[in-house]
Amino acid sequence: MSDQNSNEKVNVPVEELERMDLEEKERIIARKVRRHRIVVRVILALAVLVALGIVIVWKVFTVEEVRVEGNHLHSAKSIQSTVLSDKHSWNSLYVLLSYRLLDHSEEFPYADSVTVSLSDPHTVVVNVDEKDMMAYYYDSATKKYVGFSETGEVLLLSNKAPEDYVRVTGLKPQKAVALYGTMALEDDSILAYIKSVLMVLSNYDIPPEVICVQNNNSLLLSYGDIQVNLGDSYYLNEKIVRMQQLLQKVEGQTGTLHLETWTESTTDVYFRLDELTTIPQ
105 MSDQNSNEKV NVPVEELERM DLEEKERIIA RKVRRHRIVV RVILALAVLV
155 ALGIVIVWKV FTVEEVRVEG NHLHSAKSIQ STVLSDKHSW NSLYVLLSYR
205 LLDHSEEFPY ADSVTVSLSD PHTVVVNVDE KDMMAYYYDS ATKKYVGFSE
255 TGEVLLLSNK APEDYVRVTG LKPQKAVALY GTMALEDDSI LAYIKSVLMV
305 LSNYDIPPEV ICVQNNNSLL LSYGDIQVNL GDSYYLNEKI VRMQQLLQKV
355 EGQTGTLHLE TWTESTTDVY FRLDELTTIP Q
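Sequence positions in the sequence shown follow the numbering used here and run 105 to 385.
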């Protein structure tokens with residue numbers, strides 16, 4: 105009897121089915137309305153954040169000061185002008201992102217690298233790693249002082265002699281010099297020789313006033329009334345060790361120390377009183 109009842113169909117009135125369908129529709133609509141409200145609130149919140157961000161970027165990140173560090177040959181003013189050359193560079197955040205994301209190396213041919221940071225929203229800090237200038241010479245064709253690197257790259261053309269650098273005479277470029285170009289020398293090995301001399305002399309803190317390039321790339325060092333003929337680059341360290349010992353002994357005199365013939369077997373050094381080579385400009 106119970107099995108027969110279990111197989112009987114349950115009859116539900118049509119009105120109740122329609123009421124159930126209506127309630128389900130209302131629940132679906134309510135869920136959609138809630139989701140829509142959430143989406144609208146999220147969009148409004150994002151819009152507020154974007155608007156707030158725009159206001160902050162527009163009003164807060166304004167350039168009031170540019171601090172330049174690491175420069176020696178080029179003025180802070182010229183570097184600042186380059187950094188702020190863009191029409192949007194009044195905004196410090198724009199300047200920061202520009203130098204973080206884009207390549208500006210062509211704007212600074214005299215530097216190995218330029219980095220930009222912010223110390224605060226109004227202060228841009230520019231750190232310049234300038235290429236090393238080794239020495240300079242006076243170019244009679246342009247009537248300019250030419251500062252150059254160890255590779256012969258021209259880093260400076262100036263009406264004034266740069267301070268704290270050694271002057272070199274006797275260099276003879278084969279064509280006109282151009283700023284940030286490379287000197288066309290008949291023999292580039294002289295640059296390596298000059299570099300070696302300056303490095304060794306720096307160990308003894310006895311930089312010369314002038315380095316004179318003579319025939320066959322031999323070098324003459326000028327210390328005012330004392331000159332030192334180094335000759336070629338052979339036995340350079342030994343020559344300079346002997347030179348720094350002898351400079352103290354001939355101090356106050358006028359003449360030339362001849363080290364050009366020094367070798368391990370020929371260690372005699374001659375000091376010729378009153379002998380001075382005329383140093384060209």
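Even glycine gets a Cβ: it sits at the ideal position worked out from N, Cα and C.
Source: prediction; values computed, not measured.
Tell whether a beta-carbon distance below 9 Å holds between residue i and residue j.
i: Gly274; j: Leu260; result: no
i: Thr371; j: Asp329; result: no
i: Leu305; j: Cys316; result: no
i: Asp291; j: Asn321; result: yes
i: Val57; j: Leu351; result: The first residue shown for the chain is 105 and the last is 385, placing residue 57 beyond what the model contains.
i: Leu69; j: Val373; result: Not covered by the structure: residue 69. The range shown for the chain is 105 to 385.
i: Val220; j: Leu200; result: yes
i: Asp216; j: Glu234; result: yes
i: Leu205; j: Glu254; result: no
Excluding five sequence neighbours on each side, which residues of the same chain lie with their C-beta closer than 8 Å to the C-beta of residue i?
i: Gln349; result: none
i: Val258; result: Val250, Gly251, Phe252, Val281, Ala282, Leu283, Tyr284, Gly285, Thr286 and Met287
In chain order, what residues of the same chain have a beta carbon less than 6 Å from the beta carbon of residue i, not counting five sequence neighbours either side?
i: Ser223; result: Val229
i: Lys248; result: Leu261
Quick one, which of the options has its alpha-carbon nearest residue i's?
i: Ala265; options: Ala280, Leu283, Ser253 and Asp243; result: Asp243
i: Tyr284; options: Met237, Ser293, Asp292 and Pro225; result: Met237
i: Phe375; options: Thr365, Thr360 and His192; result: Thr360
i: Glu169; options: Trp366, Tyr240, Arg204 and Leu188; result: Leu188
i: Leu377; options: Arg346, His208, Lys353 and Asn231; result: Lys353
i: Leu177; options: Lys191, Thr367, Ser209 and Glu267; result: Glu267
i: Ile298; options: Lys279, Ala282, Ile310 and Val270; result: Val270
i: Pro384; options: Arg204, Val272 and Tyr198; result: Val272
i: Glu211; options: Asp309, Val232, Ser196 and Pro312; result: Val232
i: Glu355; options: Ser369, Gln331, Asn195 and Glu368; result: Gln331
Report the three-state DSSP secondary structure of residue i (helix, strand or coil).
i: Thr186; result: helix
i: Met105; result: Its pLDDT being 44, under 50, Met105 is placed unreliably by the model, and the measurement read from it follows with that caveat. Note: Met105 maps to coil in three-state DSSP.
If I measure Cβ to Cβ from residue i and keep anything under 7 Å in the same chain, skipping five residues before and after, which residues do I get?
i: Pro277; result: Met287, Ala288 and Leu289
i: Tyr241; result: Val250, Arg271, Val272, Thr273 and Leu275
Legend entry - Residue ranges of each alpha helix (DSSP H) within the region 192 to 259, 4 or longer: 196 to 205
Legend entry - Within the region 294 to 361, ranges of the alpha helix (DSSP H) (whole runs, at least 4 residues): 340 to 353
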